[in-house]
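Those letters in the sequence shown? Residues 17 to 569, by this note's numbering.
From the three backbone atoms N, C-alpha and C, an ideal C-beta is built for every residue, glycine too.
Values in this document were obtained by computation on a predicted structure and should not be read as measured data.
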Amino acid sequence: MSTPGTAIRRVAQSCAFLCLFLLGAVLFKDYGIAFDEPINRRNGGISFNAVVNTVNRALSTEYFADDPETQQFNVDLNQYQDRDYGVAFDLPVFFLERVLGLNDSRSQYQFRHILTFLVFMAGVAAVYHIALLRFSDWRLATVAAVMLVLSPRMFAEAFYNNKDIVFMATFAVAGYTLLRLISRPTLGRSVVHGLASAVAIDVRIMAVMIPLATVVLLGVLALRGEIRVRWAIFTALCYMLTAMIFVYVLWPWLWTGTTAGSDWFTPFRKVAEVFGNMSSFRWSGWIQFAGSLYPAGMLPKYYLPVWIAVTTPILYLALCSVGIAATILRALRCKLRLWNREEELQDLVFLAFAVLPIAAVILLKSVVYDGWRQVYFVYPWIILLAVRGLTVVFSASQRQAYRYAVCGILIASFMQTAYWMKTAHPYQNVYFNALAGDRWDRAFEMDYWGLSNLAGLQEIARRDSSAHITIAHLGISSVNQALLMLPKEDRGRFKVIDDPGRADYVVTNYRPLVLEDAATFARLRQDARPYFEIQVDDKSIYSVFKASDLPRQ
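See below:
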């Protein structure tokens with residue numbers, strides 16, 4: 017039976033998440049389209065079409081047979097280049113889009129944005145409940161949730177990053193079900209954890225670390241005598257069976273479009289193919305980092321740590337450092353046992369999920385790019401370590417004045433970050449802290465996905481009443497994708513061409529496609545007069561030039 021205080025807390029939690037949802041509902045139309053969003057939608061559409069074709073053949077039906085949006089994705093899934101991408105998010109979103117009859121590209125991508133934000137909210141809820149499980153204090157759990165929401169890059173990408181933010185959220189949910197399972201292993205919890213793990217794996221295969229962690233932790237707990245060996249084995253088997261079933265069911269490529277020579281081992285061979293592709297990812301290009309350009313496969317080992325350091329609020333970094341140190345020192349005091357109490361084990365899980373993936377990327381020399389988005393899934397665990405650090409700092413003195421000061425600094429940091437997010441809206445994805453230096457616009461990739469193209473095209477359409485407008489872009493941009501989100505009346509007015517000399521306007525978000533682009537950008541900044549610019553912290557992240565104003569080479 018809940019106490020009045022518990023009931024009030026639950027009402028407050030519900031109101032807070034309702035406010036977060038309403039904030040998302042107000043803001044989601046402000047964000048542009050990311051470079052990869054059409055690819056993600058195509059992945060979902062092709063998998064959806066494969067499922068529909070399989071069902072129609074089996075039941076002699078004609079579901080979605082007359083749907084033009086579905087038919088344009090009538091591609092053999094086994095021959096599709098990106099067949100190895102999990103579609104646990106993209107397929108249901110495409111299904112809902114077709115059920116709702118969203119046939120205009122603007123409404124389709126705005127619909128994807130609001131659903132992406134809802135998944136992000138699930139991740140925020142997971143972080144809240146993990147913190148509540150660990151610290152048994154709703155105030156600290158609230159701090160953890162607020163830290164995640166007031167992380168500028170994560171908040172912006174929560175609307176359009178259908179890959180990394182969705183994976184971050186599903187990984188956090190699976191992490192929560194893992195902690196609940198090892199806290200009290202039951203059959204029900206093993207099944208729920210299996211489902212959560214499968215969803216995360218079917219978003220990105222990297223989540224296979226969750227089953228590995230689950231089996232290892234159950235085994236260690238059994239060896240320590242904290243749970244019975246037979247029950248640990250039974251729970252692990254139930255979990256693995258559930259996870260395998262749902263991974264198979266939720267990933268159509270594993271079971272649709274199989275050939276006559278296929279056998280029961282075919283899904284395992286396909287999963288092995290995914291791992292092979294992941295280890296040598298099919299992307300090459302130039303990456304701007306620390307003031308230099310690097311090929312994607314030749315980044316310095318400190319690439320990820322530096323990106324995390326310069327794009328995370330400094331107070332969070334400081335508290336996380338304290339949390340890491342406290343966790344390691346506590347483990348060392350326990351010697352070979354590593355932990356004595358459940359909360360100490362939870363801290364070690366936080367540390368492992370925050371540090372080991374980054375270490376693996378560095379040691380295996382995996383291809384990463386676009387900042388550190390491929391490892392965003394470690395961020396909730398960085399936040400949880402920061403809350404652990406906050407408990408250490410808060411407990412350093414019993415004096416009320418000291419504790420009020422700690423709370424004041426935390427609140428001031430939240431207010432400063434929230435104010436910056438408001439002033440930079442909707443370009444919080446270009447957040448850099450003071451560690452990045454004053455010239456971060458020349459040192460790091462900025463709007464690498466071209467979110468600002470939408471606002472740029474909208475402004476050109478507002479200023480220029482011509483019936484036909486030609487656009488050229490410099491570097492890697494997403495102008496063609498941005499056209500998909502323009503209002504219908506403006507969409508047909510634009511034509512994207514390759515030759516800047518024949519265009520009416522030339523646009524750039526300063527992301528290099530080839531090495532020579534760096535010199536081009538430097539010349540533009542020095543000699544060209546922009547028609548207009550989009551700026552963040554007085555730095556130009558996007559520029560529009562009239563072709564006639566460009567310097568001649």
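Span of the beta strand (DSSP E) around residue i
i    : result
Trp4 : Nothing can be reported for residue 4, as the shown portion of the chain is limited to 17 through 569.
Opposing strand residues paired with residue i [DSSP bridges]
i      : result
Phe561 : Val522
Phe510 : Ile485
Ile146 : Beta-bridge pairing links Ile146 to no other residue.
Val552 : Lys555
Leu473 : In the DSSP output, where bridge partners are listed per residue, Leu473 has none listed.
Leu490 : Thr524
Separation of residue j from residue i, as counted between CA atoms
i      : j      : result
Leu451 : Ser429 : 16 Å
Arg73  : Phe110 : 21 Å
Ala188 : Pro546 : 43 Å
Val182 : Val394 : 13 Å
Ala276 : Thr251 : Caution applies to Ala276, whose pLDDT of 45 falls short of 50 and renders its modelled position unreliable; the model cannot decide the point.
Leu36  : Met137 : 8 Å
Ala161 : Glu85  : 38 Å
Ile249 : Gly235 : 8 Å
Val219 : Ala375 : 22 Å
Leu612 : Arg346 : Any question about residue 612 goes unanswered here, given that the chain covers just 17 to 569.
Val326 : Leu400 : 19 Å
Leu335 : Val383 : 29 Å
Ala141 : Thr536 : 45 Å
Asn90  : Val68  : 10 Å
Phe33  : Leu39  : 10 Å
Asp83  : Lys504 : 21 Å
Val42  : Gly60  : 26 Å
Ser481 : Arg155 : 54 Å
Arg122 : Leu499 : 9 Å
Trp269 : Val115 : 22 Å
Leu467 : Ala212 : 31 Å
Val135 : Phe175 : 10 Å
Arg539 : Val495 : 22 Å
Gln29  : Leu239 : 39 Å
Leu364 : Val338 : 14 Å
Ser564 : Asp520 : 8 Å
Arg26  : Trp456 : 42 Å
Met17  : Gly405 : The pLDDT assigned to Met17 is 48, lower than 50, so where the model puts this residue is not dependable, and the model offers no usable value.
Tyr447 : Ser76  : 53 Å
Ala66  : Leu266 : 13 Å
Ile476 : Val422 : 48 Å
Gly424 : Ala417 : 10 Å
Range covered by the alpha helix (DSSP H) that runs through residue i
i      : result
Lys45  : Note, Lys45: premise wrong, no alpha helix (DSSP H); not H, not E.
Glu505 : Lys504 to Arg507
Gln444 : Here Gln444 belongs to no alpha helix (DSSP H), and DSSP marks it neither H nor E.
Leu266 : Where Leu266 is concerned, there is no enclosing alpha helix (DSSP H), given that its DSSP letter is neither H nor E.
Met431 : Gln416 to Ala440
Gly405 : Tyr395 to Phe410
Thr536 : Asp533 to Asp543
Trp456 : Trp456 to Ala459
Asn69  : Glu53 to Leu75
Asp98  : Here Asp98 belongs to no alpha helix (DSSP H), and DSSP marks it neither H nor E.
Thr158 : Trp154 to Val165
Ala498 : Val495 to Leu499
Glu78  : Note, Glu78: premise wrong, no alpha helix (DSSP H); not H, not E.
Arg114 : Asp106 to Leu116
Beta carbon of residue i nearer than 8 Å to that of residue j
i      : j      : result
Gly491 : Pro528 : yes
Ser493 : Val522 : no
Thr433 : Pro227 : no
Leu194 : Thr158 : no
Pro301 : Ala459 : The sequence given here has Gly at residue 301, not Pro. Cβ distance not < 8 Å, so Gly301 and Ala459 don't count as in contact.
Tyr392 : Asp180 : yes
Pro516 : Leu473 : no
Leu107 : Ser63  : yes
Met431 : Tyr526 : no
Tyr332 : Met222 : no
Ala534 : Leu315 : no
Phe105 : Asn178 : yes
Trp388 : Trp323 : yes
Ile184 : Pro54  : Checking the sequence shown, residue 184 turns out to be Met, not Ile. Contact flag unset, no.
Trp465 : Ala190 : no
Within the region 173 to 249, ranges of the beta strand (DSSP E) (whole runs, at least 3 residues): none
Unbroken stretches of the alpha helix (DSSP H), 4 residues or longer, contained in the region 299 to 376: Qualifying alpha helix (DSSP H) stretches, in chain order: 319 to 327 and 330 to 349.
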